[in-house]
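Written out below as structure tokens is the structure these notes cover.
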Amino acid sequence: MARIPYVYAPPVASVRDEPFDRLERFYDAVPRDGAHTEDFGGLVLFVRDGAGWPFYARPRLDATEQPSAADVTAVRQRQRDLGLPEAFEWVHENHPDLLAVARSAGLAVLEAPLMVLDPAALPPPGDFPTTSVRILDPQAPTFAADVAARRAVAAVGFAAPGTEVGTAGPAARDTALVELPVDSLDEERTRTAAGRRISAVVEMPGQGPVASGMALRVAEVAEIAGIATLPTARRRGLGAAVTAALARRLLDDGTNLVFLSAGSEEIARVYLRVGFRRIGTACIAEPAPVG
Ligand SMILES: CC(C)(COP(=O)(O)OP(=O)(O)OC[C@H]1O[C@@H](n2cnc3c(N)ncnc32)[C@H](O)[C@@H]1OP(=O)(O)O)[C@@H](O)C(=O)NCCC(=O)NCCS
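Written out as structure tokens, the structure is:
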């Protein structure tokens, strides 16, 4: 029997519809200048061209059908064939049926608080007086080292999930430092110079970079991502400070929708203090553990 065509339409007209629609277009746009696409029914897989983090699969923007479990299975097979992580992302409010479909197809789904900045609630820069946040300058001679430091801080930070203080600090960061391949550095520099990527690090005297984060921007929409603090430097307001500095820069540059997805409810509290408010749920899926 032919499937009944599905055309995306928000279930209830409300003031919330506009951000959800803009988020949907943002997620679809971000990978397109560094990836080609492969369609699988209601899903599109972004396959990166060249070096960098692998992308995800997500619902097709122009789909006429809801993604099915068979679509998910086909994408997973293709991701395995290509040596890519089996990663999927979508906004729950835009695709409410996909959560159950993804789980039935063997995926574990993280339901992350999806938060949008209320610019009026962003604390003024003076609220973080003791903290030195540096927005990276693509023309600076230190840019390569700064980006490497941002990545090393993120690697150590994300290796210690949650918000608790821990033992990994600057020494662990230095061990994680990797010199960037030339094409990766070129990509960072080009995107940063074009205002499509903004990176920030927080430095402490005698310790170097201890917190970092970045933002991805498409026109007037931007996502803040990768916020991390070295475990030894946590619970001093640095995660909040780097998030606030990125948000402030984005607003100053004319971005009018700044959002992020928080890894958990406890992490969401950090962003709440910076002026982000929950509007929905970002679903981030990977294979469920076997057994
Ligand atoms: C999430 C993360 C970035 C927070 O970094 P952080 O620098 O510790 O963040 P903050 O210091 O701003 O806030 C953390 C807590 O410290 C508290 N705090 C802030 N300043 C403080 C101070 N001077 N004294 C005591 N506590 C303080 C905050 O109130 C917050 O408390 P809460 O957990 O009760 O809400 C960090 O824990 C991390 O890197 N986690 C792993 C990576 C990750 O998950 N990143 C987020 C992805 S969305």
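For what it's worth, full-length UniProt numbering labels the leading residue of the sequence shown as 1, then goes sequentially.
Heads up, the beta-carbon is just placed ideally off N, CA and C, and yes, glycines get one too.
The bridge partners DSSP lists for E89 are I284. Below 8 Å, enough C-beta pairs join the region 194-206 and the region 144-152 to call them touching: three or more. Shortest gap from the CB of R236 to any heavy atom of ligand 1: under 7 Å.
If you check the C-beta of I284 against ligand 1, you find no heavy atom less than 7 Å away. Residue state for P209 is assigned as strand, using DSSP reduced to three classes. Nearest Cα to R48 within the set L107, T37 and S261: T37.
Counting along the chain, no alpha helix (DSSP H) covers D39; the unbroken beta strand (DSSP E) around it starts and ends at A35 to F40. Counting along the chain, A148 sits inside the alpha helix (DSSP H) bounded by residues F143 to F158. The region 100-113 makes no contact with the region 237-257: fewer than 3 CB pairs, one atom from each, lie closer than 8 Å. The region 19-35 makes contact with the region 213-222: 3 or more CB pairs, one atom from each, lie closer than 8 Å. Secondary structure of R134 (DSSP, three-state): strand. A168 sits close to V156, with the two beta carbons spaced by under 8 Å. Distance from the C-beta of E266 to the nearest heavy atom of ligand 1 is below 7 Å. For G239, the uninterrupted alpha helix (DSSP H) segment begins and ends at L238 to D252. By a beta-carbon distance limit of 8 Å, I284 contacts A112. Their separation comes to about 6 Å. For S199, the enclosing beta strand (DSSP E) stretches over residues R197 to M204.
Distance check between G83 and each of E65, A70 and W53 places W53 closest, using alpha-carbon atoms only. For V258, the enclosing beta strand (DSSP E) has its first and last residue at L257 to S261.
G263 is the residue among M115, G263 and R197 whose C-alpha sits nearest the C-alpha of P161.
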